[in-house]
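Trainee: Position in the sequence shown (first residue = 1) + 386 = this note's numbering.
The beta-carbon is built from N, C-alpha and C at its ideal position, and this holds for glycine as well.
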Amino acid sequence: MTLSGWQKTTVKEQVYNLLKQNILTQKYEMGERLNIGNLSQQLGVSNSPIREAINMLVTEGLVTVSPNSTVSVVSLTMQDMYELSQMICFLQIGAYEYCVRQEMTQKLLTPMKRILDRQHDLMAKGELYEFVQAANSFDRCIIEGTGNSRLLGNFDNVFALFTLAALYDYQHRDTDWKMNTAEHEQIYEAILRQRHHQVVELIGHHYSKPEWADKW
């Protein structure tokens, strides 16, 4: 596992992208310790870009650093996952209601349809990591539709962490890919037909995750 052949980004960015992918795909498991020295040897780079990449991952919530400087992959409890889902739900509903008031809902449809098509393609190919990324990008469309960069920034700050929670859910509870896609299709159709109250109900149902709440 080295970074040879990666030419278009800095070493720090290469390390960051690789570590992030390994965390999200759970090559590094939740709670697993990351040894900077070992990573330096494995990747063939100095400690400095590894530390910089880890700092970026800490900002995203994917990595924690203890008071004694122990670096570990974040360990999400079911309560963490439930609260993340709630937060995304609140952001989605608030953002959608704003789009309704500003008569901007129709501009959400084109990016949503593009992502829905991608979800179908990735589901057929069985590419889970890419599927979950696409599914979360569908959710991002409503936030982006507000045109509020600060709100979008808040969403993006937890995007990776929510992706990790969703991937864990898919891998450990046999979550139904078709159901996720079908719920997105229902949201899309309700927006298309301007059934705004139904959209809010569908978003709430999509993120309810009672099974996560029951675990703690």
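Provide the residue span of the alpha helix (DSSP H) that contains Ser-426, from first to last.
Mentor: Here the question's residue 426 lines up with position 40 in the sequence shown. Looking at the DSSP string, the run of the alpha helix (DSSP H) that includes Ser-426 is 422 to 429.
Trainee: Could you tell me whether the Cβ atoms of Val-431 and Val-397 are closer together than 8 Å?
Mentor: Taking the sequence shown and counting its residues from 1, the one referred to as residue 431 is at position 45. Taking the sequence shown and counting its residues from 1, the one referred to as residue 397 is at position 11. Cβ distance < 8 Å, so Val-431 and Val-397 count as in contact.
Trainee: Exposed or buried, which one is Gly-512 when buried takes at least 16 other CB atoms within 10 Å?
Mentor: As a first step, residue 512 must be located in the sequence shown, where it is residue number 126. Flag for Gly-512 reads exposed.
Trainee: For Thr-450, name the three-state secondary structure that DSSP assigns.
Mentor: Here residue 450 refers to the residue found at position 64 of the sequence shown. Residue state, collapsed to three classes: strand.
Trainee: So, is Ser-434 buried or exposed, given that buried needs 16 or more other C-beta atoms within 10 angstroms?
Mentor: Locating residue 434 in the sequence shown gives position 48, where the first residue counts as 1. With fewer than 16 other Cβ atoms within 10 Å, it is exposed.
Trainee: So Leu-502 and Ile-577 are in contact, right, with Cβ under 8 Å, and what is the actual spacing, rounded?
Mentor: If you number the sequence shown from 1, residue 502 lands on position 116. If you number the sequence shown from 1, residue 577 lands on position 191. Rounded, the Cβ-Cβ distance is 12 Å, inconsistent with contact.
Trainee: Between Lys-493 and the rest of its own chain, which residues show a CB-CB distance below 7 Å, the 5 nearest in sequence each way excluded?
Mentor: The sequence position of residue 493 within the sequence shown is 107, counting from 1. The answer, listed in chain order, is Gly-531.
Trainee: Identify, in the order they occur along the chain, each residue of the same chain with its Cβ nearer than 8 Å to the Cβ of Asp-507, setting aside the five sequence neighbours on each side.
Mentor: Here residue 507 refers to the residue found at position 121 when the sequence shown is read from its first residue. Nothing listed; no residue qualifies.
Trainee: Please say whether Ala-551 and Met-442 have beta carbons closer to each other than 8 Å?
Mentor: By 1-based counting over the sequence shown, the position of residue 442 is 56. By 1-based counting over the sequence shown, the position of residue 551 is 165. Taking 8 Å as the Cβ cut-off, Met-442 and Ala-551 do not qualify as a contacting pair.
Trainee: Would you grab the beta carbon distance between Glu-446 and Leu-547 for me? Rounded to a whole angstrom, and I think it's under 8 Å.
Mentor: What you label residue 446 is simply residue 60 of the sequence shown in a count that begins at 1. What you label residue 547 is simply residue 161 of the sequence shown in a count that begins at 1. Indeed they touch by this definition, with Cβ atoms about 7 Å apart.
Trainee: Give me whichever residues DSSP pairs with Lys-457 in a beta bridge.
Mentor: One-based indexing of the sequence shown puts residue 457 at position 71. Checking the sequence shown, residue 457 turns out to be Val, not Lys. Beta-bridge pairing links Val-457 to Val-451.
Trainee: If you draw a straight line from the alpha carbon of Ile-479 to that of Glu-516, how long is it in whole angstroms?
Mentor: For this step, residue 479 is matched to residue 93 along the sequence shown. For this step, residue 516 is matched to residue 130 along the sequence shown. Ile-479 and Glu-516: Cα-Cα distance of roughly 25 Å.
Trainee: Any idea what DSSP makes of Arg-579, helix, strand or coil?
Mentor: Within the sequence shown, numbered from 1, the residue matching residue 579 stands at position 193. In this structure, Arg-579 counts as coil in the three-state DSSP scheme.
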